[in-house]
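K.L.:
Heads up: the sequence lines are chains A and B, in that order.
So that you can map any letter, position 220 of the first sequence is 257 in our numbering, and since no number is skipped, the others follow by simple counting.
So that you can map any letter, position 60 of the second sequence is 97 in our numbering, and since no number is skipped, the others follow by simple counting.
The C-beta atom is built at its ideal place from N, Cα and C for all residues, glycine as well.
Quick caveat, the model's predicted, so the values are computed rather than measured.
Shown below is the structure under consideration.
2 protein chains.
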Amino acid sequence: MVVYFVTQRGGSSLDAIRVPSSGSAAQQVEAQLRRAIVTLALPPGTRLSEAEIAERHGVSRQPVREALIGLARTRLVEILPQRGTLVVRISVKKMMEARFVREAIETAVARRAATGFDPGARVRIDDLLDLQAKAAARGAHETFQRYDEMFHMALAEGAHCALAWEAIADIKAHMDRACHLTLKGSMLPLVEQHRAIMAAIDRGDGEAAAEAMREHLSEILRALPKVEAEHPDLFE
Amino acid sequence: MVVYFVTQRGGSSLDAIRVPSSGSAAQQVEAQLRRAIVTLALPPGTRLSEAEIAERHGVSRQPVREALIGLARTRLVEILPQRGTLVVRISVKKMMEARFVREAIETAVARRAATGFDPGARVRIDDLLDLQAKAAARGAHETFQRYDEMFHMALAEGAHCALAWEAIADIKAHMDRACHLTLKGSMLPLVEQHRAIMAAIDRGDGEAAAEAMREHLSEILRALPKVEAEHPDLFE
DNA sequence: CGAAATATACTACCATACAAAGACGCCCTC
DNA sequence: GAGGGCGTCTTTGTATGGTAGTATATTTCG
Numbered sequence: 038m039v040v041y042f043v044t045q046r047g048g049s050s051l052d053a054i055r056v057p058s059s060g061s062a063a064q065q066v067e068a069q070l071r072r073a074i075v076t077l078a079l080p081p082g083t084r085l086s087e088a089e090i091a092e093r094h095g096v097s098r099q100p101v102r103e104a105l106i107g108l109a110r111t112r113l114v115e116i117l118p119q120r121g122t123l124v125v126r127i128s129v130k131k132m133m134e135a136r137f138v139r140e141a142i143e144t145a146v147a148r149r150a151a152t153g154f155d156p157g158a159r160v161r162i163d164d165l166l167d168l169q170a171k172a173a174a175r176g177a178h179e180t181f182q183r184y185d186e187m188f189h190m191a192l193a194e195g196a197h198c199a200l201a202w203e204a205i206a207d208i209k210a211h212m213d214r215a216c217h218l219t220l221k222g223s224m225l226p227l228v229e230q231h232r233a234i235m236a237a238i239d240r241g242d243g244e245a246a247a248e249a250m251r252e253h254l255s256e257i258l259r260a261l262p263k264v265e266a267e268h269p270d271l272f273e
Numbered sequence: 038m039v040v041y042f043v044t045q046r047g048g049s050s051l052d053a054i055r056v057p058s059s060g061s062a063a064q065q066v067e068a069q070l071r072r073a074i075v076t077l078a079l080p081p082g083t084r085l086s087e088a089e090i091a092e093r094h095g096v097s098r099q100p101v102r103e104a105l106i107g108l109a110r111t112r113l114v115e116i117l118p119q120r121g122t123l124v125v126r127i128s129v130k131k132m133m134e135a136r137f138v139r140e141a142i143e144t145a146v147a148r149r150a151a152t153g154f155d156p157g158a159r160v161r162i163d164d165l166l167d168l169q170a171k172a173a174a175r176g177a178h179e180t181f182q183r184y185d186e187m188f189h190m191a192l193a194e195g196a197h198c199a200l201a202w203e204a205i206a207d208i209k210a211h212m213d214r215a216c217h218l219t220l221k222g223s224m225l226p227l228v229e230q231h232r233a234i235m236a237a238i239d240r241g242d243g244e245a246a247a248e249a250m251r252e253h254l255s256e257i258l259r260a261l262p263k264v265e266a267e268h269p270d271l272f273e
C-alpha cells in the first residue's frame, strides 16, 4: 500500500493558494493529490484507485474522480479507461518542450514588465524574494518552491498579463517534479537570478530582463542530466 | 429555452478531432458544448442547467457535470456553486492578454520551425492550406476555422513542440468566439499569411517566419473594435 | 507439458438518489 | 404601505448502486 501524508493544517498562509480549506471536496482532493505528486510522495508509476483515495480522504468516489480528471488534464496522471489510473513518469522530451514554451512566455512577460509594472505587485515581489531567501537559507525546499511559484505568478500579474500565469501553471506541471529534485542542491543562486530579473525590469531594460529570465529558465538544463541519472526509475 | 443543434454526423473526417464519436460520454458532451459556445450557438450569458443539458443529450447529470468542469477550466463557462452555470461573456482585456501570450508562443514556434521541420507535418500542412483556401472560397467559415486550428497544431507538431499546441489551445478559447465573428469577412488573406509563414520557414529564415506570424496574429486587433461595436451584448 | 479458453476480480464509467445552499416569492408584522 | 422573516423551489455538490470492459489467474483440452 502506498503511504503518503499531506498536511492540511499547520501550514503557512500560502496553503490558501494550492490547498484551500474552502472549496469543494473535489478541489481539495485535487490540490492535495497534486502536491503529493509534485513532491514525489506519490512517485511515478503509482496506481491511484478511486476507491482507495476516497476512503483515505473520507469522501465518496465521485469527487475523487473529478479530481483525477483535473490531474489528467495537466498530464500528471493518466486515466486508462476501465483499467486504472496511474501517476505518469517524468518525460525528458516533454520537459524540454515545456521549458521551451515557458521560456517563450516568460521572456515576453519580462520584456513587457520593463515597460510598466504594477506598483502593488512590485512591493509584493520584494517581500516574496526576502521570504524566499530565508527559505533557501534554512533549506526548506518545499516552501522555497512555493515562493518561486508565487514570484512568477506575481511577475505575470505585475506585467498586466495574469493569463500568462495560467498558461505557465499548466506547462509547469511537466517540470515541477524534476525541479523538486534539483532543489536539494543550492537554492540561493535562483533568488539572485530573480533579483537580477527585477533589477533589469526596474531600470526599464526589457532586453536585459528577458535575457536574465532566459538564463534563469536555462538553469534546469544543467541539473537535469544528473537528476535523471540518479533517479532513472522516475523517468520514462 | 435555448435551442441549438450540433451535427455529430455529416461532418468531414475532421470531426474526429473535436467531436469524437468515440470517447466517454463526458468528453462527447464537452466537445459538443464547446463547439456550440465557440460558434455562439450558445451566446454569452446563457444559463446552462446540468439537468437540462443531460436530458437534451440523453445522458445523466454526471457526465454533463464533468463536461462543465472541463469548460470552466478553460474559462468558457463559469460555475457558481449552488447558483448556476453560465456562458461567460467575451472579455476584451482577456483577449488582449491571450493574444499576447499566443504571440509569444507561436513566434517562438515559428522561429524554431525554421531550424528544422518534420517532413510528414510539412506535406500535411500543404494539404491543409489547400483545403483551407477552398473553404475560404466557398465562405464556409466554420470549416475554415477548423482548418485554421489544424494548421497551427501541425505547425507546433512540425517544430517538434506538440506541447506548445496544448498551451495554445487553452489560450485560444478566449479568442475563438471573437475570431468566429470576424471571419464573416474575408478569409483568403489569412490563408496567404499562412503561406507566407511557411515560405519563410522553408527557406530557413526564422526571424522572417516569426515576423510573419506576429503579423498574422495581429490581424484580430484590426477587426476587434468593429466586432465589439456591432455586438456589445456579447462582451462584458 | 503447453497453449488456449474460461471464470473471476478489478477498474473506470454511468445512472440514480440524497443533501446542502443560495434565490425567490409570499406572508406577516410594524 | 414598506420592510423583514420564513418557506419553497431550483441549483450544484455528494453518496451509492449497478454496468461494461479489461487483466489476471485458473482450468481444460490438445
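#1: By alpha-carbon positions, which one of 178/A, 95/A and 142/A ends up nearest to residue 189/A?
#2: Do we get a CB-CB distance below 7 Å when we pair residue 249/A with the residues of chain B?
#3: For residue 123/A, does the three-state DSSP call read helix, strand or coil?
#4: Apart from the five residues on each side of it in sequence, which residues of its chain come closer than 7 Å, Cβ to Cβ, to residue 221/B?
#5: Does the Cβ-Cβ distance between residue 151/B and residue 242/B come in under 7 Å?
#6: So, for residue 77/A: in the same chain, excluding its five sequence neighbours on each side, which residues have a beta-carbon less than 7 Å away from its beta-carbon?
#7: Listed from N- to C-terminal order along the chain, which residues in the stretch 131 to 161 of chain B have their beta-carbon within a distance smaller than 7 Å of any beta-carbon of chain A?
#8: For residue 115/A, which residues does DSSP report across the bridge?
#9: Is residue 208/A close to chain B? Criterion is C-beta to C-beta, closer than 7 Å.
#10: Is residue 240/B helix, strand or coil by DSSP?
#11: Measure the C-alpha to C-alpha separation of residue 54/A and residue 184/A and round it to an integer number of angstroms.
#12: Of the residues 155/B, 201/B and 206/B, which one's Cα is nearest the Cα of residue 211/A?
#13: Under the DSSP definition of a beta bridge, which residues are partnered with residue 272/B?
#14: Whose Cβ in chain A lies nearer than 8 Å to the Cβ of residue 198/B?
#15: What residues of chain A sit near residue 67/B, judged by a beta carbon separation below 7 Å?
#16: If you draw a straight line from the alpha carbon of residue 115/A to that of residue 162/B, how long is it in whole angstroms?
#17: Is the separation between the beta-carbon of residue 87/A and that of residue 254/A shorter than 7 Å?
#18: If contacts are defined as beta-carbon pairs under 8 Å, then residue 154/B and residue 195/B qualify, I think. What distance do you get, rounded to the angstrom?
#19: What separation, rounded to the nearest whole angstrom, lies between the Cα atoms of residue 262/A and residue 164/B?
#20: Am I right that residue 273/A and residue 126/A are in contact with their C-beta atoms under 8 Å? What's the rounded C-beta distance?
#21: Which chain A residues sit within Cβ distance under 9 Å of residue 106/B?
#22: What's the call for residue 227/B, buried or exposed, on a 16-neighbour Cβ count within 10 Å?
#23: Within this structure, are the beta carbons of residue 235/B and residue 147/B separated by less than 7 Å?
#24: Quick one: which chain B residues come within Cβ less than 8 Å of residue 237/A?
#25: Give the C-beta separation of residue 104/A and residue 97/A to the nearest angstrom, bearing in mind that I take them to be a contact with Cβ-Cβ under 8 Å.
#26: Under 8 Å Cβ to Cβ from residue 168/A, same chain only, skipping five residues before and after it: list those, please.
#27: Taking C-alpha atoms, which residue in 186/A, 82/A and 197/A lies nearest to residue 158/A?
#28: Whole angstroms are fine: how far does the CA of residue 224/A sit from the CA of residue 237/A?
#29: Let's test the definition: count the other Cβ atoms within 10 Å of the Cβ of residue 130/B and tell me whether it reaches 16, buried, or not, exposed.
#30: Per DSSP, residue 85/B forms a beta bridge with which residues?
#31: Classify residue 269/A as buried or exposed, calling it buried when 16 or more other Cβ atoms lie within 10 Å of its own Cβ.
#32: Counting contacts by CB-CB distance shorter than 7 Å, is residue 191/A in contact with chain B?
#33: Compute the distance between the beta-carbons of residue 94/A and residue 124/A, then report whether it is under 7 Å.
#34: List, in chain order, every chain B residue whose beta-carbon is nearer than 7 Å to that of residue 214/A.
#35: If you draw a straight line from the C-alpha of residue 181/A to the C-alpha of residue 149/B, how long is it?
#36: Give a yes or no on whether the C-beta atoms belonging to residue 121/B and residue 84/B are separated by under 7 Å.
P.N.:
Well, looking at it:
#1: Here residue 189/A refers to the residue found at position 152 of the first sequence. Closest in alpha carbon position to residue 189/A, among 178/A, 95/A and 142/A, is 142/A.
#2: Stepping through the first sequence from its first residue, residue 249/A is reached at position 212. Answer no: the Cβ-Cβ gap between residue 249/A and chain B never drops below 7 Å.
#3: Numbered from 1 along the first sequence, position 86 holds the residue referred to as residue 123/A. Assigned with DSSP and collapsed to three states, residue 123/A falls in strand.
#4: For the purposes of this step, residue 221/B is taken as the residue at position 184 of the second sequence. 178.
#5: Counted from its first residue, the second sequence places residue 151/B at position 114. Counted from its first residue, the second sequence places residue 242/B at position 205. Yes, Cβ-Cβ distance for residue 151/B and residue 242/B is below 7 Å.
#6: For the purposes of this step, residue 77/A is taken as residue 40 along the first sequence, with counting starting at 1. The residues are 214 and 217.
#7: Of all residues in the stretch 131 to 161 of chain B, 131, 134, 135, 137, 138, 141, 142 and 145 have a Cβ within less than 7 Å of some Cβ in chain A.
#8: Stepping through the first sequence from its first residue, residue 115/A is reached at position 78. Answer is 123/A.
#9: For the purposes of this step, residue 208/A is identified with residue 171 of the first sequence, where counting begins at 1. True, the Cβ-Cβ gap to chain B drops below 7 Å.
#10: Numbered from its first residue, the second sequence carries residue 240/B at position 203. Coil, per DSSP.
#11: Translated into positions along the first sequence, residue 54/A becomes position 17. Translated into positions along the first sequence, residue 184/A becomes position 147. Residue placement at residue 54/A is flagged as unreliable, the pLDDT there being 35, under the threshold of 50; the coordinate-derived value follows with that caveat. One Cα belongs to residue 54/A, the other to residue 184/A, and the distance between them is close to 11 Å.
#12: Counting from 1 along the first sequence, the entry for residue 211/A is found at position 174. Residue 211/A has its Cα closest to that of 201/B, out of 155/B, 201/B and 206/B.
#13: In the second sequence, the residue the question calls residue 272/B occupies position 235. Note: residue 272/B sits in a beta bridge opposite 127/B.
#14: As a position in the second sequence, residue 198/B is number 161, starting the count at 1. Neighbourhood of residue 198/B in chain A, by CB distance below 8 Å: 134, 137 and 138, in chain order.
#15: Within the second sequence, numbered from 1, the residue matching residue 67/B stands at position 30. By Cβ distance, chain A contributes nothing, its closest Cβ being about 10 Å from residue 67/B, past 7 Å.
#16: The residue labelled residue 115/A in the question sits at position 78 within the first sequence. The residue labelled residue 162/B in the question sits at position 125 within the second sequence. Looking at the two C-alpha atoms, the distance is approximately 30 Å.
#17: Counted from its first residue, the first sequence places residue 87/A at position 50. Counted from its first residue, the first sequence places residue 254/A at position 217. No; because the gap between Cβ atoms is not below 7 Å, this pair is not in contact.
#18: Sequence index remark: in the second sequence, residue 154/B carries index 117 (1-based). Sequence index remark: in the second sequence, residue 195/B carries index 158 (1-based). Correct: roughly 5 Å between the Cβ atoms.
#19: The residue you call residue 262/A lines up with position 225 of the first sequence. The residue you call residue 164/B lines up with position 127 of the second sequence. Rounded to the nearest whole angstrom, the C-alpha separation of residue 262/A and residue 164/B is 40 Å.
#20: Along the first sequence, read from residue 1 onward, the residue named residue 273/A stands at position 236. Along the first sequence, read from residue 1 onward, the residue named residue 126/A stands at position 89. About 4 Å separates the Cβ atoms of residue 273/A and residue 126/A, confirming a contact at the 8 Å cut-off.
#21: Here residue 106/B is taken as the residue at index 69 of the second sequence, counted from 1. Neighbours of residue 106/B in chain A, taken as residues whose beta carbon is under 9 Å from its own, are 63, 103, 106 and 107 in chain order.
#22: Taking the first residue of the second sequence as position 1, residue 227/B is located at position 190. Buried is the label assigned to residue 227/B, since at least 16 other Cβ atoms lie within 10 Å of its Cβ.
#23: Mapped onto the second sequence, residue 235/B falls at position 198. Mapped onto the second sequence, residue 147/B falls at position 110. Against a cut-off of 7 Å, the Cβ pair of residue 147/B and residue 235/B comes out as no contact.
#24: One-based indexing of the first sequence puts residue 237/A at position 200. From the beta-carbon of residue 237/A, no residue of chain B is found nearer than 8 Å; the closest lies around 18 Å away.
#25: Along the first sequence, one-based indexing puts residue 104/A at 67. Along the first sequence, one-based indexing puts residue 97/A at 60. Between residue 97/A and residue 104/A the Cβ distance is about 12 Å, and since that is not below 8 Å, they are no contact.
#26: As a first step, residue 168/A must be located in the first sequence, where it is residue number 131. Cβ neighbours of residue 168/A beyond the five flanking positions: 184.
#27: Working through the first sequence from its first residue, we reach residue 158/A at position 121. Nearest Cα to residue 158/A within the set 186/A, 82/A and 197/A: 197/A.
#28: Numbered from 1 along the first sequence, position 200 holds the residue referred to as residue 237/A. Numbered from 1 along the first sequence, position 187 holds the residue referred to as residue 224/A. Rounded to the nearest angstrom, the two C-alpha atoms are 21 Å apart.
#29: One-based indexing of the second sequence puts residue 130/B at position 93. Residue 130/B comes out exposed.
#30: Along the second sequence, one-based indexing puts residue 85/B at 48. Looking at the DSSP output, residue 85/B shares a beta bridge with 122/B.
#31: As a position in the first sequence, residue 269/A is number 232, starting the count at 1. It counts as exposed.
#32: In the first sequence, the residue the question calls residue 191/A occupies position 154. It does not; no Cβ of chain B falls within 7 Å.
#33: Locating residue 94/A in the first sequence gives position 57, where the first residue counts as 1. Locating residue 124/A in the first sequence gives position 87, where the first residue counts as 1. Result no, Cβ atoms of residue 94/A and residue 124/A do not sit closer than 7 Å.
#34: Within the first sequence, the letter at position 177 stands for residue 214/A. Below the 7 Å Cβ cutoff, chain B contributes no neighbours of residue 214/A, its closest Cβ being approximately 16 Å away.
#35: Your numbering for residue 181/A matches position 144 in the first sequence. Your numbering for residue 149/B matches position 112 in the second sequence. Their Cα atoms are separated by approximately 33 Å.
#36: As a first step, residue 121/B is located in the second sequence; it is residue number 84 there, counting from the start. As a first step, residue 84/B is located in the second sequence; it is residue number 47 there, counting from the start. Taking 7 Å as the Cβ cut-off, residue 121/B and residue 84/B qualify as a contacting pair.
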